[in-house]
Amino acid sequence: MIDNSTEKAILEKIISSKAFDKTDKYSQLLTYLVNCSIRNKIPKEYSIAVDVFDKDKDFDPSLDTIVRYYMHRLRKKLNEYYSDEGRSDKIKLVIPKGHYEVKFLRNSKTPVKFWQNFTRKDWVFVFTIVFLCLSALLSYHRYLSLTKIARVIDHPIDIDDPIWSVFFENQLPTILFIGDHFLVREYYDDSGGYREQIDYSITTRAEFNRFVSLHPDRKLLKLDHGSLPHNSIFNLYDIEHVFYSFNQRPEIQFTSENMSKQTDLPAIVDHNIIYMGGFRNLRQLSSVIAKIPVEFKYTDTFSGEIRVRDEDSDSLLIFKTRKLEEGNYLDLGLIAKLPGPNSENYLFFIGFAYPTQIETVRMMSRQESLTKLYNQTKNQYKNFPEYFYMIIEAKSFEYAAQETTIKYLKEIKRE
Numbered sequence: 054m055i056d057n058s059t060e061k062a063i064l065e066k067i068i069s070s071k072a073f074d075k076t077d078k079y080s081q082l083l084t085y086l087v088n089c090s091i092r093n094k095i096p097k098e099y100s101i102a103v104d105v106f107d108k109d110k111d112f113d114p115s116l117d118t119i120v121r122y123y124m125h126r127l128r129k130k131l132n133e134y135y136s137d138e139g140r141s142d143k144i145k146l147v148i149p150k151g152h153y154e155v156k157f158l159r160n161s162k163t164p165v166k167f168w169q170n171f172t173r174k175d176w177v178f179v180f181t182i183v184f185l186c187l188s189a190l191l192s193y194h195r196y197l198s199l200t201k202i203a204r205v206i207d208h209p210i211d212i213d214d215p216i217w218s219v220f221f222e223n224q225l226p227t228i229l230f231i232g233d234h235f236l237v238r239e240y241y242d243d244s245g246g247y248r249e250q251i252d253y254s255i256t257t258r259a260e261f262n263r264f265v266s267l268h269p270d271r272k273l274l275k276l277d278h279g280s281l282p283h284n285s286i287f288n289l290y291d292i293e294h295v296f297y298s299f300n301q302r303p304e305i306q307f308t309s310e311n312m313s314k315q316t317d318l319p320a321i322v323d324h325n326i327i328y329m330g331g332f333r334n335l336r337q338l339s340s341v342i343a344k345i346p347v348e349f350k351y352t353d354t355f356s357g358e359i360r361v362r363d364e365d366s367d368s369l370l371i372f373k374t375r376k377l378e379e380g381n382y383l384d385l386g387l388i389a390k391l392p393g394p395n396s397e398n399y400l401f402f403i404g405f406a407y408p409t410q411i412e413t414v415r416m417m418s419r420q421e422s423l424t425k426l427y428n429q430t431k432n433q434y435k436n437f438p439e440y441f442y443m444i445i446e447a448k449s450f451e452y453a454a455q456e457t458t459i460k461y462l463k464e465i466k467r468e
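Residues in the sequence shown are numbered from 54 upward in steps of one, following our numbering.
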């Protein structure tokens, strides 16, 4: 029988470990569960929500799954602890899946010295494998030296990052929408073949059909796939870093094909959504953005303006793209993270021109730039808001952003 003092000592060791460093909410949750265990009480989801997460008395577990989210993450942190600092602990703290009861079990697992029963033949086989592996490793090292190839491994996104960690906690599948341009194929009699071309004024299938009806003499076909924005491959590389950090895999779709009709919106229920692209290519996803007090107007020259109705001052703030000297110009971007109708999360990276479309994704997908963002906004928000919208101004040249500035940041309250 494990006494209460031993259980408390085990708890203190766990919440003082690296796995629980800077995770006050998880430490608080685990402490609450252990204290319930000491009192021979098995807590309900409702009591955890009220006592630990300060939910109101009318909390409904069927509508708000915050307890299950944190319990899932708590079990992962315990696994992380027992795979590192706690791997030699004699007593193991376990929270069975589907329950909120803490159990303390004696850890009977000990390292197995499997080599003790090796025969001479087994050792010859092992040394042969080791020799071949070392030879392959030396050959690969020589190949890298000769070709001068070096790979940089970036630091992953922090597991408790205020923007991304909650995004993945709901365990819902994620659709990565790319705001692509309509790609049209036209037949030319003089060459006897088709040419592919982009008309940036066409943003929806209805506009394409209208264009075809106005030019009956032209042989036009709408391709099944769209044209990716310039340098969007860098966006995919950056966002891959985020999904890799959280061991997730997205489903990639184009808005030109999958967000072309009003009836497409129900298809995104029970999915997290990430959008990367321009304002013109949001298609039906613009109705999601319409939930925040932001209006935008864009032109055919990849410029435009963003209007924000500031709730605190009840004033209208207007931000505009504009040209600068020496071929530079100011581009605008919008980053918005919104809650879905159930437990979904929506994250938008939007720009007028390519620099902010690329820069907004880049700055939110690297831990060093995220840390810089949190430090820059500490005066406004001690803890970076879970849901927000933010306007970015980028001093740009051609397809590259040279300098970015946060022009406006506002928290979105979950209803």
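Backbone N, C-alpha and C fix where the C-beta goes; we use that ideal spot for every residue, glycine too.
- For residue 280, the beta-bridge partners assigned by DSSP are 234.
- Leaving aside the five residues that flank residue 321 on each side, the residues in its chain whose CB is nearer than 7 Å to its CB run, in chain order, 228.
- The alpha-carbon separation between residue 294 and residue 72 amounts to approximately 22 Å.
- CA-CA distance, residue 158 to residue 109, rounds to 35 Å.
- The DSSP-derived three-state label of residue 123 is helix.
- If you draw a straight line from the Cα of residue 114 to the Cα of residue 120, it is about 8 Å long.
- Distance from residue 301 to residue 221 at the Cβ level is roughly 6 Å; contact confirmed, criterion being Cβ atoms closer than 8 Å.
- Beta-bridge pairing by DSSP links residue 73 to no other residue.
- Of 57, 94, 127, 95, the smallest CA-CA separation from residue 74 is found for 127.
- DSSP, reduced to helix, strand and coil, places residue 363 within a strand of the structure shown.
- CA-to-CA, the gap between residue 351 and residue 96 works out to about 54 Å.
- The bridge partners DSSP lists for residue 247 are 240.
- Using a Cβ distance threshold of 8 Å, residue 420 and residue 329 do not count as a contacting pair.
- The three-state secondary structure of residue 224, taken from DSSP, is coil.
- Separation of the CB atoms of residue 391 and residue 325 is rounded to 11 Å, and the pair is thereby denied contact status at 8 Å.
- Only residues of its own chain outside the window of five on either side were considered, and among them 448 have a CB closer than 6 Å to the CB of residue 456, listed in chain order.
- Taken atom to atom, the span from the alpha-carbon of residue 267 to that of residue 289 is near 37 Å.
- Under DSSP, the beta-bridge partners assigned to residue 457 are 447.
- Contact check for residue 123 against residue 67 fails: the beta carbons are separated by 8 Å or more.
- In this structure, the beta-carbon distance from residue 355 to residue 389 does not fall below 8 Å.
- Judged by their CB atoms, residue 213 and residue 76 are nearer to each other than the 8 Å cut-off.
- For the region 133 to 162, the full-length beta strand (DSSP E) segments reaching 3 residues or more read 144 to 147, 156 to 159 along the chain.
- Counting the other Cβ atoms within 10 Å of the Cβ of residue 374 gives 16 or more, which makes it buried.
- Around residue 362, the same chain offers 346, 369 as residues with beta carbons nearer than 7 Å, after the five sequence neighbours per side are excluded.
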